[in-house]
Amino acid sequence: MDFMTLLQVLDSTVRLATPLLLACLAGLYSERAGIFDIGLEGKMLAAAFFSAAVAYMSGSVWLGLLAGIGASVVLSILHGLASITFRGNQLISGVAINFLAAGMTVLVAQSWFAQGGRTPSLTGAARFDPITLPLAETLQNVPILGPIYHELISGHSILVYLAFLMVPGTWWLLYRTRFGLRLRAVGENPAAVDTAGVSVVALRYAAVLICGVLCGIAGAYLATALQAGFVKDMTAGRGFIALAALIFAKWRPWYALSACLLFGLLQAVALRYQNIDLGSFVIPVQVMDALPYILTVVILAGFVGRAIPPRAGGEPYVKER
Amino acid sequence: MNKMPQWADVVLIPLISLLLAAILSALVILAIGENPWAAFKLMVDGALMRSAGWGYTLYYATNFMFTGLAVAVAFHARIFNIGGEGQAMFAGLGVAYVCLFIPWPHWSLALIGASVGAAVFGALWALIPAYLQAKRGSHIVITTIMFNFIAAALLNYMLVNVLRPPRSMDPATATFPEATHLPSFRDMFSTADNIMFRGAPANVTFFIALAACVLVWYLIWRTRLGYEIRAFGFSESGAKYAGISPVRITIIAMLISGALAGLMSVNTTMGESERLVLNSTEGAGFIGIAVALMGRNHPFGVFLAAILFGFLYQGGAELALWTNIPRELIVVIQALVILFTGALDNMVRMPLEKLFLSMRKGDA
Amino acid sequence: MTTMTTAPAIQLKGISKAFGPVQANKDISISVQPGTIHGIIGENGAGKSTLMSILYGFYKADKGEIWIKGQHTQIPDSQAAIAAGIGMVFQHFKLVENFTVLENIILGAEDGALLRPSIAKARKELQHLAEEYGLNVDPDTLIENLSVGHQQRVEILKALYRQADILILDEPTGVLTPAEADQLFRILARLKEEGKTIILITHKLREIMDITDTVSVMRRGEMTATVKTSQTSPEELAELMVGRKVLLRVDKKPATPGDVVLEVENLQVIDEKGVERLKGIGLSVRAGEILGIAGVAGNGQSELLEVLGGICDATGTIRMNGTELPLTGKGAHGQSRRAAGIAHVPEDRQREGLIMDYSAWENTVFGYHRDPAIQKGFLMDNAAIQEEAQAKMDRFDVRPPHPKLAAKNFSGGNQQKIVLAREIERNPDLLLIGQPTRGVDIGAIEFIHQQIVNLRDQGKAILLVSVELDEILSLSDRIAVMFDGQIMGERMPDQTDEKELGLLMAGVVQTPDASLEKVVDQQFALQEEEREGTR
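Just so you know, the protein sequences line up as chains A, B and C, in that order.
Letter 27 of the first sequence, counting from 1, is numbered 217 in this note's numbering, and no numbers are missing.
Letter 91 of the second sequence, counting from 1, is numbered 265 in this note's numbering, and no numbers are missing.
Letter 176 of the third sequence, counting from 1, is numbered 1313 in this note's numbering, and no numbers are missing.
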């Protein structure tokens, strides 16, 4: 594999890791606050459709982004209603949200565009364009570093940079601010937060809403930056890979970045090479597809470091003495 | 005292939830510019008014009974088996191997063999998540989700690289031998001058599903194992006190659950397509969640809910055929049922409990 | 300070609270002077905790007013309670286990949106508080690495950091050793000197007499009296608490112990955190005798019962009627223990002894459900089980006598009778019984005690674990005292007293530390008075 091919694979890794990273951080906020969310997939899907639809109709990708975030947040509120207000089962609520999104997107797409559950292709201002970073062209002939800067670091859409900036941002928010302290506390022992005079309900809704916004950006990225338009089931399990990455990352922001890059790399390799010929034997493409899931099961099994979720995760908070 | 009479819990709450789901679905249909009443009539016509419609409804219902029972049995042990889809997929391989590589003399023997194959493969696919949950404390909801994806990749590999006949472009096995073809309802119920269930895929597996409902009822409410499964589901500390091993119950409950989910592949693979194709499960594993929730984890409830979803599936197909409403409407209805009977249960329950409490006060 | 004394620190006027049909608090009024320690005493379920939860904004009262320092105050949530200067130390601590002490202390009382300045400020303040009140805790330790006593200090520090001048403590000594309890009381005395107002909720008369200035007694949701502690006696309080003269002595003949039934040697349990819970226990129980295990909760009694009952693994030796029983693996389950003739009434009937969602009849075979006698082929013989359950419930006077009612719908005493009926009627050789009367009403206590004595008189061996010293003294034929996973000594009930047992419970064997002895002396002199009075 020559240097340029490597760069191309890594470049594609960054693109593919971005939606995973956004969704993974979304899940991080929610689960750190004690709300399990297996509905990341559904929220991304809803956001993908509504961002593409609105971007197509308005011609503005920014309006599309807003619409995507809005759709995702609506589902987040539904999840909050079920799991915070009505103290329902968070897992079942997540399952319902995934199906709701899977059904509604196709239903509405068919009703609005009548193209068999997809939006028309997006062009021009209805898509996020790559941004060329300053001096990328000038420096591209500098050996090694030039191409890395030009090919790998420059030339992504703004959402990619946003996603990567979210990592230190999330770390800072979680470990250096009052909000972060409370958020982590409410996922570990909501009674401690409640008796300290802070509203458990408000904190958890805040976490769920942040989760909705980030899933919305992730979905919008899929439909308006990575691809040009919405197709049925276009998230293709990314919400679950993000969930896997979250466990892999042990619910920590920097680890989340590494996990998402790793899973992004697997996707990039699978996309480019199909079956990988190692001479003596061939790694079939399906292994690459399944690898994130297999790795997550191994991590969950505790054979490679234990993944301990937030202690109050999945449990609705009921006041008791 | 209980806040509500039991009938309200068992009958009233599911019915109200269903009603809410129906109203919202009707609104969705209205919103996309169709007439909900006409749509409903079309669904009833297509699914229930002709024997062929029933043939499809019962075919789908067979799948949902198996997957609904699978979810319900695990729920009794307070385990959420979201992996029915993967277990059924993997079980399809079991059916394919049994049908393709064993020379069966008669369909009845082949049916027994394939059922065993499906159950064993389904149970095996549930075993690893069960073991990891019981012994290593790995959250079974996450592991079973992961195993759904792993099963999909594995099935894909097996069909593309291993089981696909030479020169075929289709990722599917060869057609099963003639001797393994199961009698369909048409074969069983038609007379010479009156052909019933024309073209419908419902087959003899339906009766296995019925038997499974009865057996699961006995298992849960009449056997020691069922007693232990329910006790463990209510209280793990209590189970330990009584000498009921949490590891054993978790694994056994999941094996039974996986076997039940696996059995649906007999219906789809052997009964309908007569070969193993990609995506033969068509999400039925997930519908099991809705069916179990709606049926309150009781086999009879699961039976009724499975028929209801069978009707929705067949009706939905009719809608997609004759109107502009795509089949995904069913996915929306399914989501709403899961939402109201599962996640938003308290939203329906709380006002109802208040109502019953105030009625009791009024009596006193 | 002089102006403060005019208005009460806390005044409750006509507080009422109902949970569904249960009236937890009925028209309650109290008034607490600033700079005093006010005790609230009552049996379990008397409504003490509910009242304090209302004061701390956890529940909303149906009726009544709260006045703080002469001001009518609304307390809709904990935030308002904190703002009014109220701090509460709950029975179960409300700490984030994997946060440091400092993080727990600032949680909810941060100084601005960024953490660093808050933490720095809290560190200084904490040092100050530690010096002032003798509340030393390492600020950077994780809560999960602190002892229970120190965790409680963090709770007190949390309240003080929020500038609470009214401190409520709910059953603070339940989880403490006598020495830790003593330290706590010294801290409380110090807080009082500094002008803080303290409300102490407890069901232990000794603590009330020891430390409070005034005391209120609650019974069945009502406040039955408020008196100056110096003007009352333990016996008067006891009577006010239960509403009639209490008879805690059980009528029983002297024991006639027979052969050794249970023999335990060198029993050791190490829990999953690596803490040694049992440190080489040895004891034996004979037929026809009750061996009482005394001790402060959490000193290994629960683990002892769990090992014998087959719930928890151990190393060492257990012999039952001369046969060695396995301590790990398949043969160490509850089922095989039952087969060996061991019946077990567990300490926590709601979490262990019963499946609360099972009907009474299903619970009457819980643990014995694999008995071939109740099977019909592959199935359980439910009709026979139901019939037998009805008979058992009649014999044990379980009310209401409805086998189909779920266990959760019975009162604590009747739930315990269901467990007892199940375990006793199996005719075991050995009965393990933990906290037999916890959360049980007085009437049922006498019945349960009588059943235990009857079983002994039938020649059965009984191992009784209780944290109530009175119960141990009145039921046991022999007493072993546990402390820190060890047996500190055995005594005969007629050759010992609370003082000696108390020393053993505190881990003091032969040459007791003089100061500690003095403290324990004081406490038990008081308890002695109390017992004299109740006789």
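Yeah, the Cβ is synthetic: ideal placement off N, Cα and C, and Gly gets one too.
Note that the coordinates shown come from a computational prediction; the quantities given were computed from them, not determined experimentally.
Less than 8 Å between CB atoms is the rule here; does residue i satisfy it with respect to chain B?
| i | result |
| --- | --- |
| residue 429 (chain A) | no |
| residue 1651 (chain C) | At residue 1651 (chain C) the pLDDT is 42, less than 50, meaning the model places this residue with poor confidence and gives no usable figure here. |
| residue 480 (chain A) | yes |
| residue 1414 (chain C) | no |
| residue 228 (chain A) | yes |
Locate the alpha helix (DSSP H) running through residue i, then write down its first and last residues.
| i | result |
| --- | --- |
| residue 286 (chain A) | 280-303 |
| residue 1560 (chain C) | 1549-1561 |
| residue 1229 (chain C) | Premise fails: residue 1229 (chain C) is in no alpha helix (DSSP H) and is neither H nor E. |
| residue 299 (chain B) | 281-310 |
| residue 441 (chain A) | Careful: residue 441 (chain A) lies outside any alpha helix (DSSP H) and carries neither H nor E. |
| residue 1258 (chain C) | 1252-1270 |
Whole angstroms are fine: how far does the CA of residue j sit from the CA of residue i?
| i | j | result |
| --- | --- | --- |
| residue 510 (chain B) | residue 528 (chain B) | 24 Å |
| residue 229 (chain B) | residue 379 (chain B) | 12 Å |
| residue 1116 (chain C) | residue 1367 (chain C) | Residue 1116 (chain C) is absent from the structure shown; chain C starts at 1138 and stops at 1672. |
| residue 355 (chain A) | residue 212 (chain A) | 10 Å |
| residue 1649 (chain C) | residue 1640 (chain C) | Low per-residue confidence applies at residue 1649 (chain C): pLDDT is 41, beneath 50, and the placement is therefore not dependable enough to give any value. |
| residue 183 (chain B) | residue 433 (chain A) | 34 Å |
| residue 1227 (chain C) | residue 274 (chain A) | 24 Å |
| residue 461 (chain B) | residue 243 (chain B) | 11 Å |
| residue 413 (chain B) | residue 1251 (chain C) | 47 Å |
| residue 1570 (chain C) | residue 1253 (chain C) | 52 Å |
| residue 253 (chain B) | residue 1523 (chain C) | 29 Å |
| residue 1378 (chain C) | residue 1341 (chain C) | 11 Å |
| residue 1420 (chain C) | residue 1617 (chain C) | 8 Å |
| residue 223 (chain A) | residue 207 (chain B) | 41 Å |
| residue 483 (chain A) | residue 431 (chain A) | 7 Å |
| residue 213 (chain B) | residue 221 (chain B) | 12 Å |
| residue 1354 (chain C) | residue 1230 (chain C) | 25 Å |
| residue 1676 (chain C) | residue 1401 (chain C) | Residue 1676 (chain C) lies beyond the stretch modelled for chain C, which goes from 1138 to 1672, so this question has no answer here. |
| residue 1352 (chain C) | residue 1311 (chain C) | 19 Å |
| residue 306 (chain B) | residue 227 (chain A) | 21 Å |
| residue 360 (chain B) | residue 371 (chain B) | 5 Å |
| residue 448 (chain A) | residue 267 (chain B) | 36 Å |
Counting only C-beta atoms, is residue i closer than 8 Å to chain C at any point?
| i | result |
| --- | --- |
| residue 305 (chain B) | no |
| residue 408 (chain B) | yes |
| residue 371 (chain A) | yes |
| residue 368 (chain A) | yes |
| residue 417 (chain B) | yes |
| residue 215 (chain B) | no |
Since residue i is in the beta strand (DSSP E), which residue starts that stretch and which ends it?
| i | result |
| --- | --- |
| residue 1428 (chain C) | 1426-1431 |
| residue 1360 (chain C) | 1359-1365 |
| residue 1151 (chain C) | 1147-1156 |
| residue 1479 (chain C) | 1479-1482 |
| residue 1161 (chain C) | 1159-1169 |
| residue 1421 (chain C) | 1413-1423 |
My assumption, with CB atoms under 8 Å, is that residue i sits in contact with residue j. Please give the rounded CB distance.
| i | j | result |
| --- | --- | --- |
| residue 1643 (chain C) | residue 1314 (chain C) | 6 Å |
| residue 376 (chain A) | residue 394 (chain A) | 6 Å |
Checking contacts by CB at 8 Å: is residue i closer than that to chain A?
| i | result |
| --- | --- |
| residue 331 (chain B) | yes |
| residue 1231 (chain C) | yes |
| residue 1106 (chain C) | Here chain C covers residues 1138 to 1672 and nothing more, so residue 1106 (chain C) does not appear. |
Legend entry - Near-chain A residues of the segment 476-488 of chain B (beta-carbon distance less than 8 Å), N- to C-terminal order: Across the segment 476-488 of chain B, no CB contact with chain A closer than 8 Å is found for any residue.
Inset, instruction - Select from the segment 381-407 of chain A all residues with a C-beta closer than 9 Å to any C-beta belonging to chain C, and list them in chain order. - result: Residues passing the 9 Å Cβ filter: 381, 382, 383, 384, 385, 386, 387, 388, 389.
Inset, instruction - Please list the residues of the segment 253-285 of chain A that have a C-beta atom closer than 9 Å to any C-beta atom in chain B, keeping them in chain order. - result: Under the 9 Å Cβ criterion, the segment 253-285 of chain A contributes 268, 269, 271, 272, 273, 275, 276, 277, 278, 279, 280, 281, 282, 283, 284, 285.
Inset, instruction - Report the residues of the segment 1478-1506 of chain C with a CB closer than 9 Å to any CB of chain B, ordered along the chain. - result: Going along the segment 1478-1506 of chain C in chain order, one finds 1481, 1483, 1485, 1487, 1488, 1489, 1490, 1491, 1492, 1493, 1494, 1495, 1499, 1502, 1503, 1504, 1505, 1506 with a Cβ nearer than 9 Å to chain B.
Legend entry - Under 9 Å (Cβ pairs) to chain C, residues found in the segment 373-401 of chain B: Listed in chain order, the positions of the segment 373-401 of chain B with a beta carbon within less than 9 Å of a beta carbon of chain C are 392, 395, 396, 397, 398, 400, 401.
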